[in-house]
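Asker: Residue numbers (the UniProt record's numbering): 1 to 1121.
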């Protein structure tokens, strides 16, 4: 191959010059290219036709113990230690091994493609002739594609993850966020693959995905790709750790990316609380670091030279092979994976330097004088929560016992005799969580933070000392009872059952998780160490229990309700959180020290929902032949589709039920009534159904445009019992109503609406759906209605809703047809409902956007949020399978260049995405950019999206068939990806039922169409839908949510003369609310903006109903052909 490249090099360069644009339409260019191609083929005949498969001579590889795994896990595992000290876990999906062409197993090919890839773009950025290796790839894929028509194979993605044992705790004190910055910088090209976007481009172009994250003591990188591309992708990936470029000119762009990422996180109350906890550590302790980094830490407080030197020094110090763990999964033999991992990752340099010695810092990490206080925090959202946090020493070495998980199981229990049961009876709290989170800020090599979080009612907020008294009363009961082996064994058995029959995760998620656990546990416990209860040790549990004292407890209250004597007089410097810190009153401390346990407290009873029968149904010939759910019952009350699982063979089942009714979408008031009904009944049945959740049974109740969905899944033995309990709770709803609890639930519903309004992406979706749907009730509509709802109204609504229904059911899994019929018939019998006539079935209608473009721009409701969201939606019309495939191909083609240009190069924002949209049968596609107010106007973002589409259309017209086919094959393979677990199949089938389309083999039909898709068809379709094309079907709606400046909360960029007096009052109310001076406003109205330097006022929609009044409405449409 090297000989051929050398021989062809001068000819190739001549062909490139002669086929340039200066020859115009003369036709000489293609002639030259064709001559070059023929010459290449002649060289192949003489010099050899393909690169040689990778041959590896491994030296110094050590084999470590294999991890313990589930008996139902058929994958093979191997752990190896490379000579450079890197540890790798190899995972082979041996039941589904695939064969690769020799070219796919060669690093020669990888190098050849990399060399030619540098030549594929001319100086003016236009694409030149295809490289020889890319041509070969395309021919192989076309041939394979032709052979697949009769029996489309099931595809899976391979994945690789690498974790480095260093994170933000190692940031130098003068450059917080450096570890995060390095995570970004290493992806900016390598010496072998110099293009900054080469890796991301290659992965996404072939249907893959990549990402990275920085924690406190670890940094993780991972990707998914097709097995055919695994070796090349692995080589490109490994080069980031062998010889990354990390050029000086890339620093500015990546600093901006980190700033955008931070601005998207700055409104998160979770992150704000975490940073407050961080500042309670002793000065200069690693826990105090600002892990995110932003422009202040990476630009303003450090020179470019210092930053450049620091990031390279940090990498050289910490990114050593001996501190790296790699996990790889593919449907390839272990020996082949071992060869590839050795070849790709062995060259990573190692320095064998120890990790930072954190034992030099104070232990405990937290300053008792600052930690053991009451913090009252002004949250971004309207929440009322209390966190009780205890700092403890690091407990990871007790992972086999899991003492914190054991105690969390009790403290977070919601059943009879629990702490939450008492707090709910007193209506002081509605929800509880407890334990140590997955974040390594909460549990690391230095300390452990155990937190009980209570969602308080207004009554609970007024009784803080007594709520905490109840907590210590329950802890006292646990200490007096001591560790309970029978309960430990019950937890152990439930977790063992979950582990034994756990559904398969995606390869990307699995290796990402495993490469992290490899940093923490010995090889044999890589898989089991994090989850299983392996060793009952009452002494260790007791030791952990004794850490729950007043001497290491922090109280953090988040509320917008004013508290007596509390002013937000302090500000956290990074997130800007306003808070108050005060001593815990001595009388409170005395109350908690002398606590008496409430007599209602008790240990949990044996769990009646625990599965004891894990047997599998026999498989009949008819079940094997059944490829899709079959309708086995159809009458005026219900339809039932059923399919026995013959693939995954687990003792689980899925019961999905839709209670169809037009009632809850008739008005905003009815929508709120449905929300109130569901949340109230959830509280009513929470205590009785909590044991089911512990026993690996799950359920959800979700309102939608057609009524209400109930979904139950888990071990099949007790699923009918779970569903019966839910239906029973519905039927007993009225008699279980409690006025005090209802008031508390109503306040929670109001808060949920308010908090949704604070999220710019949710607000943007609300506005878009309001414009597109004939009937749609926004969060504003609901928020403005909720105060009018009474308990009597909700009771009457529940009676009426349940009195007349049509029931849709889907049952799949390890359940017989007879049991499915019985379970679903019991639903109708228990509800005693009348059938809903077909003419009353709800139908959602979509508005037809007129030709041209218009914009609806609104102001964000969150004055602390700088984020702006611009979504440009391009409507196509009534969807067909053909057009959906074309739109998906367009999105797949533009996704990577969109990210590269708007995010990487222009740095418009951290979040840039494109989506195909099927809105109730009406097709469209959209591009969304999340930007920051102080950096770019939404006008500018909109204009750059349009500029990108213009550039993309030019490239699309020039796109050669081999390049097109390469992406097309990736899309086909994505659609042929096998379901990893039964839930994926069930969810897809359920969507078909909800849409009333019933095309259960939709993916197969789409693949059949895609196989014959040509570039000209895609180009023509795209050309008709965009402003830079022929505009024959150009229907654009730009929905923009404008944030606020971070420099001033009142200096906004819209025309105040266009706002009503009521709106001005509302903004004043919001400002007061955000400063903690008063409650949130009673009403919200959209703040429309119609001023722009780029558009006239006629371009803007300022009255949604008036805009829709003159639009046509599409008839109800199903995507069935």
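C-beta atoms are modelled at their ideal positions from N, C-alpha and C, and glycine is treated no differently.
Being a predicted model, the structure only gives us computed values, none of them experimental.
Between residue 832 and the rest of its own chain, which residues show a CB-CB distance below 6 Å, the 5 nearest in sequence each way excluded?
Answerer: Cβ neighbours of residue 832 beyond the five flanking positions: none.
Asker: According to the neighbour-count rule (16 or more other Cβ atoms, all chains shown, within 10 Å of its Cβ), is residue 182 buried or exposed?
Answerer: Residue 182 should be labelled buried.
Asker: Return the first residue and the last residue of the alpha helix (DSSP H) that residue 180 is part of.
Answerer: Per DSSP, residue 180 belongs to the alpha helix (DSSP H) from 178-185.
Asker: Which residue's Cα is closest to the Cα of residue 321: 359, 238, 760, 899?
Answerer: Here the closest residue by C-alpha is 238.
Asker: Report the partner residues of residue 324 according to the DSSP bridge assignment.
Answerer: DSSP, once it has assigned bridges, lists 164 as partnering residue 324.
Asker: For residue 1121, count the other beta carbons within 10 Å of its own beta carbon; 16 or more makes it buried, fewer makes it exposed. Which is it?
Answerer: Residue 1121 comes out exposed.
Asker: Can you tell me where the beta strand (DSSP E) holding residue 634 begins and where it ends?
Answerer: Note, residue 634: beta strand (DSSP E), 630-634.
Asker: Taking the alpha-carbon positions, what's the residue 1042 to residue 878 distance?
Answerer: Taking the straight line joining both Cα atoms gives about 31 Å.
Asker: Verify whether the separation of the beta carbon atoms of residue 76 and residue 332 is less than 7 Å.
Answerer: Contact: no.
Asker: For residue 1008, which residues does DSSP report across the bridge?
Answerer: Its beta-bridge partners do not exist; DSSP assigns none.
Asker: Between residue 199 and residue 224, what straight-line distance do the alpha-carbon atoms span, to the nearest angstrom?
Answerer: Whole-angstrom Cα-Cα distance: 12 Å.
Asker: Put residue 711 into one of helix, strand or coil per three-state DSSP.
Answerer: Note: residue 711 maps to strand in three-state DSSP.
Asker: Quick one, which of 760, 450, 982 has its alpha-carbon nearest residue 544's?
Answerer: When each option's Cα is compared against that of residue 544, the closest is 450.
Asker: Where does residue 424 land, buried or exposed, given buried means 16+ other C-beta within 10 angstroms?
Answerer: With 16 or more other Cβ atoms within 10 Å, it is buried.
Asker: In whole angstroms, give me the CA-to-CA distance for residue 715 and residue 649.
Answerer: So the two alpha carbons sit approximately 12 Å from each other.
Asker: Around the C-beta of residue 736, are 16 or more other C-beta atoms found within 10 angstroms, so that it is buried, or is it exposed?
Answerer: Exposed, by the Cβ-count rule.
Asker: Residue 786 and residue 749 - do their beta-carbons sit closer together than 7 Å?
Answerer: A contact, by the Cβ cut-off of 7 Å.
Asker: Are residue 278 and residue 288 touching if we call contact CB-CB under 7 Å?
Answerer: Contact flag set, yes.
Asker: Tell me whether the beta-carbon of residue 95 lies closer than 7 Å to the beta-carbon of residue 74.
Answerer: Cβ atoms of residue 95 and residue 74: closer than 7 Å.
Asker: Please determine whether the Cβ atom of residue 611 lies at a distance below 6 Å from any heavy atom of the ligand COA.
Answerer: By its list of ligands, the structure shown contains no ligand whatsoever, and the ligand COA lies outside what it can speak to.
Asker: Please name the residue, chosen from 57, 769, 738, 242, that lies closest to residue 790 on a Cα-to-Cα basis.
Answerer: If we check each option's Cα against that of residue 790, 738 comes out closest.
Asker: How would you label residue 1112, buried or exposed, when you count the other beta carbons within 10 angstroms and need 16 or more for buried?
Answerer: It counts as exposed.
Asker: State the Cα-Cα distance for the pair residue 645 and residue 271, rounded to the nearest angstrom.
Answerer: Looking at the two C-alpha atoms, the distance is approximately 42 Å.
Asker: Whole angstroms is fine: what's the gap from residue 970's alpha carbon to residue 888's?
Answerer: Going from the Cα of residue 970 to the Cα of residue 888 covers about 12 Å.
Asker: Give me whichever residues DSSP pairs with residue 835 in a beta bridge.
Answerer: Residue 835 pairs with 805.
Asker: How is residue 780 classed by DSSP in three states: helix, strand or coil?
Answerer: Correct three-state label for residue 780: helix.
Asker: For residue 852, count neighbouring C-beta atoms within 10 Å of its own C-beta (all shown protein chains included) and say buried if the count is 16 or more, exposed if not.
Answerer: Residue 852 is exposed by the Cβ-count criterion.
Asker: Whole alpha helix (DSSP H) runs in the segment 457-538 with 4 or more residues, listed along the chain?
Answerer: You should have 458-462, 464-481, 485-500, 507-517.
Asker: Which residues in the same chain have their Cβ closer than 6 Å to the Cβ of residue 641, if we skip the five residues on either side of it in sequence?
Answerer: The answer, listed in chain order, is 629, 631, 810.
Asker: Return the first residue and the last residue of the alpha helix (DSSP H) that residue 588 is part of.
Answerer: That run of the alpha helix (DSSP H) goes 586-593.
Asker: Which value, in whole angstroms, describes the spacing of the CA atoms of residue 1107 and residue 636?
Answerer: Roughly 40 Å between the two C-alpha positions.
Asker: With three or more beta-carbon pairs closer than 8 Å as the criterion, would you say the segment 256-263 touches the segment 199-219?
Answerer: Verdict: no, contact absent.
Asker: Taking all protein chains shown into account, do 16 or more other C-beta atoms lie within 10 angstroms of the C-beta of residue 814, making it buried, or fewer, making it exposed?
Answerer: Answer is buried; the Cβ neighbour count reaches 16.
Asker: How about the segment 472-491 and the segment 424-435: do they share at least three Cβ pairs that are nearer than 8 Å?
Answerer: Output reads no: the segment 424-435 does not touch the segment 472-491.
Asker: With a threshold of 8 Å, are at least 3 pairs of Cβ atoms found where one atom belongs to the segment 442-461 and the other to the segment 565-584?
Answerer: Flag = no, the segment 442-461 and the segment 565-584 do not touch.
Asker: Taking 6 Å as the limit between beta carbons, can you name the residues of its chain near residue 344, skipping five residues before and five after?
Answerer: Contacts found: 234, 235, 238.
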